[in-house]
Amino acid sequence: MIKSTNRFNKFQKEDILFSIIIFAFIAFTFFQEASTLSLYYIGFISNIIIFSILSLSFMFLYSYTGLLSMATSAFYMVGAYGGIFAIKYLGNNFFWGLIASLVLTGLFAFIVGSVANLTRGVYFMLITLGFSMFPYLLSRGPLKEFTRGQSGMHLRKLPSFIFCIDLENPYSFLIFVITILIIVYITFRLLPSTHFGKALVSIKENELKMKSLGYNTWRIKTIAVIINGLLAGLSGYLFLLKNLSISPVMGTYFVAAKAIFCSLIGGINIVLGPIIGTLSWYLVEEFLVIPGFLEIILGSGLVLVILFFPLGITGTLTNLGSTTGKNKGRGKV
Amino acid sequence: MFLKAFFNWFATWGIIALSLSLYYILFSLGIVLTFGMHKVVNFAHGALYMVGAYCGYIIYCSTNNFVLALLFGFSGSFILGALLERMIICRLYNSDSTITFLITFALSFIIIGIVKLVASAQFRTIKMPEALSKRIIMGDIRIEIYRLFFIIISIMILIGMHIFLTKTKIGNIVRAGTSNSIAVEILGINVSNFFTLTFALGSGIAGLCGVLFAPLFTALYPTMGDEIILWGFVVVIIGGLGNFYGSIIGGIILGLLHSFGSLYLREYVLIFTYILVIIILTIRPQGILGGRE
Chain R
1 MIKSTNRFNK
11 FQKEDILFSI
21 IIFAFIAFTF
31 FQEASTLSLY
41 YIGFISNIII
51 FSILSLSFMF
61 LYSYTGLLSM
71 ATSAFYMVGA
81 YGGIFAIKYL
91 GNNFFWGLIA
101 SLVLTGLFAF
111 IVGSVANLTR
121 GVYFMLITLG
131 FSMFPYLLSR
141 GPLKEFTRGQ
151 SGMHLRKLPS
161 FIFCIDLENP
171 YSFLIFVITI
181 LIIVYITFRL
191 LPSTHFGKAL
201 VSIKENELKM
211 KSLGYNTWRI
221 KTIAVIINGL
231 LAGLSGYLFL
241 LKNLSISPVM
251 GTYFVAAKAI
261 FCSLIGGINI
271 VLGPIIGTLS
281 WYLVEEFLVI
291 PGFLEIILGS
301 GLVLVILFFP
311 LGITGTLTNL
321 GSTTGKNKGR
331 GKV
Chain F
1 MFLKAFFNWF
11 ATWGIIALSL
21 SLYYILFSLG
31 IVLTFGMHKV
41 VNFAHGALYM
51 VGAYCGYIIY
61 CSTNNFVLAL
71 LFGFSGSFIL
81 GALLERMIIC
91 RLYNSDSTIT
101 FLITFALSFI
111 IIGIVKLVAS
121 AQFRTIKMPE
131 ALSKRIIMGD
141 IRIEIYRLFF
151 IIISIMILIG
161 MHIFLTKTKI
171 GNIVRAGTSN
181 SIAVEILGIN
191 VSNFFTLTFA
201 LGSGIAGLCG
211 VLFAPLFTAL
221 YPTMGDEIIL
231 WGFVVVIIGG
241 LGNFYGSIIG
251 GIILGLLHSF
261 GSLYLREYVL
271 IFTYILVIII
281 LTIRPQGILG
291 GRE
């Protein structure tokens, strides 16, 4: 539970951890020789960062506002498809794709948020689950001619680029993605000290009180869903640029569940949490492979984390030294 | 003439719609019961259904006895459900619905992983028992005997469930515990045992449904529960979360929509279903038959 907003203004242990991780990423890129294997690992790290942006977008909605949005995966997919349509039909330009994906996800998130926020709790989750199926079903069914159905769409060539960054070079693409991650991280760290952030946290704590104080909680929550959507759409667009090929599988609710898992493993209510969670998920998936045991390991790890370490990895780590912060994490399970 | 054509059409498609509805209703029974008790959004239900189907498959392949396969499908899911409830899900009863959703999701992940490891991700089919694989042909109407068998068995299960819930002592305790578990505990009844029983019963029926329905439409594969689980939730939402009789209505609506809808709406039918769900959730979140909260 986020009790004092002052906590967010200070330089915390999690910021130190975050900078260590970022430095490790950057150092890794610099000390690689250009071989196929190292190029693979650089792409791997880009994938981790892109997915952690998605997890962060989920975390923002869940731990600041208390809304569990299953539509995160749908936003992710809409962002990627919007980007690819713009690049195909409007011209091979990074900014057309960016604008299209953000506008489309923004609109979709507005629809989802405005309807789903009429309810709350489980019903919110179920409504967003219902909405999350739309892009998936549309791309497989009625819009099949445009989206090529199940086989997905492919980009031949990356958009030529922006300012002086060459996106085709995996090194500079990684640095570009890291920059976006840092911007998102700093924004979310500073958010609770702003007026809007405080309003969000108070809605999570006591919505009725906020209503009686005269706040339009529906509007604030809808804006939160839109921010979630925009960030997820951005993540989807980056995924498109990284992998050049997208498919409707991005929009299934498993992707949303993966983002949720990553946030929970890492630690809810801590901005670093989703990043650490995504990192550990990908590391387990990549290096701890005993053939066939992947799902069992990930699933049982999750059950253990949720039942016995409700603060997640980051929460447990940052609380190790302090004696007072025992209940700082998720509060009521 | 027209009437006769209409009757033929209705008999052929009505039986398909009815069997589909009953399939949805049987599957969602467990979800309804668990949600009614503790607001547990049970995503592991699809995995339990899959385990039941696999148990039935093993027995049917080795003994070639369909009734035995049905029994084993039921008991496999029943036992697994009881274990899960006792070990993990009973810890979640007073917690946030999001946490229960995530844990059950993780559980289904684990179960699917284990089944994949043991049985591989290959598609498997349960063949129709020979005695039931024929068709009745009356003029233009063709009815598969297996479908009639399916309909009769499921209606019997539903009636049995109704009698269990309303007439027996255990059912009364379960219903009382659903509406107010503390009051029942004060009366000196250990509610948690009954909750385990109900959870296991719901899972057992899902497993039975997995075996019973396998010869008609679906093949068996480890993720077969992930598709049906969403429809299970849709049924429960339409009928009213936690309302047994509501889920019957929800199942009939969904079955009609999916069978007749796929005739006329074609590829829009799934989207139409989700739009219906969203409208119901926004306007009447407690469902058609659900009471006020």
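Just so you know, the protein sequences line up as chains R and F, in that order.
Going letter by letter, the first sequence gives residues 1 to 333 in the numbering used here.
Going letter by letter, the second sequence gives residues 1 to 293 in the numbering used here.
Built from N, CA and C at the ideal position, the CB exists for glycine as well.
Chain R residues whose Cβ lies nearer than 9 Å to that of residue i
i	result
Glu-267 of chain F	Leu-137, Arg-140, Gly-141, Pro-142, Lys-144
Arg-86 of chain F	The contacting residues do not exist; Arg-86 of chain F stays about 14 Å from chain R at best.
Ile-228 of chain F	Here the premise fails: no neighbours, minimum Cβ distance about 14 Å.
Phe-194 of chain F	Residues of chain R passing the Cβ test: none, with the nearest at roughly 23 Å.
Val-41 of chain F	Val-122, Met-125, Leu-126
Beta-carbon neighbours of residue i, restricted to chain F and to distances below 8 Å
i	result
Tyr-123 of chain R	Leu-281, Pro-285
Thr-119 of chain R	Leu-281, Thr-282, Pro-285
Glu-295 of chain R	Phe-109, Ile-110, Ile-112, Gly-113, Lys-116
Ile-260 of chain R	Leu-102
Val-303 of chain R	Ile-88, Ile-103, Ala-106, Leu-107, Ile-110
Residue from the options with nearest C-alpha to residue i
i	options	result
Ile-253 of chain F	F:Phe-43, F:Trp-9, F:Arg-266, F:Leu-22	F:Leu-22
Gly-97 of chain R	R:Arg-140, R:Gly-82, R:Phe-108	R:Gly-82
Ser-77 of chain F	F:Leu-102, F:Ala-44, F:Gly-246	F:Ala-44
Gly-251 of chain R	R:Phe-293, R:Leu-129, R:Leu-231	R:Leu-129
Tyr-94 of chain F	F:Gln-122, F:Leu-276, F:Met-37	Before going further, note that residue 94 of chain F is Asn rather than Tyr in the sequence given. Out of F:Gln-122, F:Leu-276, F:Met-37, F:Met-37 has the C-alpha closest to the C-alpha of Asn-94 of chain F.
Glu-286 of chain R	R:Asn-47, R:Ser-19, R:Phe-18	R:Asn-47
Val-211 of chain F	F:Phe-66, F:Phe-123, F:Val-41, F:Phe-109	F:Phe-66
Ser-55 of chain R	R:Arg-156, R:Asp-15, R:Ile-276, R:Gly-141	R:Ile-276
Phe-23 of chain R	R:Ala-109, R:Leu-138, R:Phe-134, R:Leu-181	R:Leu-181
Phe-149 of chain F	F:Ile-15, F:Ala-11, F:Gly-56	F:Ile-15
Ile-248 of chain F	F:Thr-12, F:Ile-31, F:Phe-6	F:Ile-31
Thr-12 of chain F	F:Leu-263, F:Leu-70, F:Phe-272, F:Tyr-268	F:Leu-263
Val-103 of chain R	R:Gly-233, R:Ser-263, R:Thr-72, R:Leu-307	R:Gly-233
Gly-239 of chain F	F:Gly-287, F:Ile-205, F:Ala-206	F:Gly-287
Phe-85 of chain R	R:Pro-274, R:Arg-156, R:Phe-196	R:Arg-156
Glu-267 of chain F	R:Leu-137, R:Gly-113, R:Thr-29	R:Leu-137
Phe-176 of chain R	R:Phe-94, R:Leu-279, R:Tyr-76	R:Phe-94
Glu-207 of chain R	R:Ser-245, R:Lys-144, R:Ile-21, R:Thr-119	R:Thr-119
Ile-342 of chain R	R:Ser-69, R:Leu-39, R:Phe-25, R:Ile-20	The structure shown does not extend to residue 342 of chain R, since chain R is modelled only from 1 to 333, so the question has no answer here.
Contact set between residue i and chain F, taken where Cβ atoms lie within less than 7 Å
i	result
Phe-131 of chain R	Ile-278
Thr-257 of chain R	What sits at residue 257 of chain R in the sequence shown is Ala, not Thr. The contacting residues are Phe-105.
Val-115 of chain R	Ile-278, Thr-282
Glu-68 of chain R	Rather than Glu, the amino acid found at residue 68 of chain R in this sequence is Leu. Ordered by position in chain F, the residues that pass the 7 Å Cβ test against Leu-68 of chain R are Thr-98.
Paired residues, beta bridge with residue i - DSSP
i	result
Leu-220 of chain F	F:Arg-124
Ile-141 of chain F	F:Met-138
Met-153 of chain R	R:Ile-246
Residues that residue i contacts on chain F, provided the C-beta gap is smaller than 9 Å
i	result
Phe-134 of chain R	Ile-271, Tyr-274, Ile-275
Gly-299 of chain R	Phe-105, Ala-106, Leu-107, Ser-108, Phe-109, Ile-110, Ile-111, Ile-112, Gly-113
Leu-208 of chain R	Chain F residues near Leu-208 of chain R: none, gap ~15 Å exceeds 9 Å.
Buried versus exposed call for residue i [16 or more other C-beta atoms within 10 Å across all chains shown]
i	result
Ala-100 of chain R	buried
Met-125 of chain R	buried
Leu-187 of chain F	exposed
Lys-116 of chain F	buried
Phe-35 of chain F	buried
Ala-219 of chain F	exposed
Phe-51 of chain R	buried
Ala-257 of chain R	buried
Gly-315 of chain R	buried
Cys-209 of chain F	buried
Trp-9 of chain F	exposed
Glu-144 of chain F	buried
Ala-183 of chain F	exposed
Thr-323 of chain R	For Thr-323 of chain R, the pLDDT reaches just 49, beneath the cut-off of 50, and the residue's location in the model is therefore unreliable, although a value from the coordinates is still provided. Exposed, since its Cβ has fewer than 16 Cβ neighbours within 10 Å.
Trp-218 of chain R	exposed
Thr-178 of chain F	buried
Ile-278 of chain F	buried
Asn-190 of chain F	exposed
Ala-5 of chain F	exposed
Closer than 8 Å at the beta carbon, the chain R residues around residue i
i	result
Ile-141 of chain F	Within chain R, no residue comes near Ile-141 of chain F; the closest Cβ sits about 31 Å away, beyond 8 Å.
Arg-91 of chain F	Leu-307
Phe-233 of chain F	Leu-126, Leu-129
7 Å Cβ cut-off: residues of chain R touching residue i
i	result
Ser-259 of chain F	Correct list: empty, because the minimum Cβ distance to chain R is about 18 Å.
Distance cut-off 6 Å: residue i Cβ against heavy atoms of the ligand FMN
i	result
Ile-276 of chain R	In the structure on display, the ligand FMN does not appear, and there are no ligands present to speak of.
If you scan the stretch 257-290 of chain F from start to end, which runs of the alpha helix (DSSP H) of 4 or more residues do you find wholly inside it? Taking only runs of at least 4 residues, the alpha helix (DSSP H) segments lying wholly in the stretch 257-290 of chain F are 269-283.
Only counting runs of 4 or more residues, tell me where the alpha helix (DSSP H) segments fall wholly within the stretch 40-77 of chain R, in order along the chain. The qualifying runs do not exist here; there are none.
Report the start-end ranges of each alpha helix (DSSP H) in the stretch 216-241 of chain R that is 4 residues or longer and not cut off at the edges. Entirely contained in the stretch 216-241 of chain R, not one alpha helix (DSSP H) run reaches 4 residues.
At 4 residues or longer, what runs of the alpha helix (DSSP H) sit wholly inside the stretch 116-141 of chain R? Counting whole runs of 4 or more residues, the stretch 116-141 of chain R contains the alpha helix (DSSP H) stretches 122-140.
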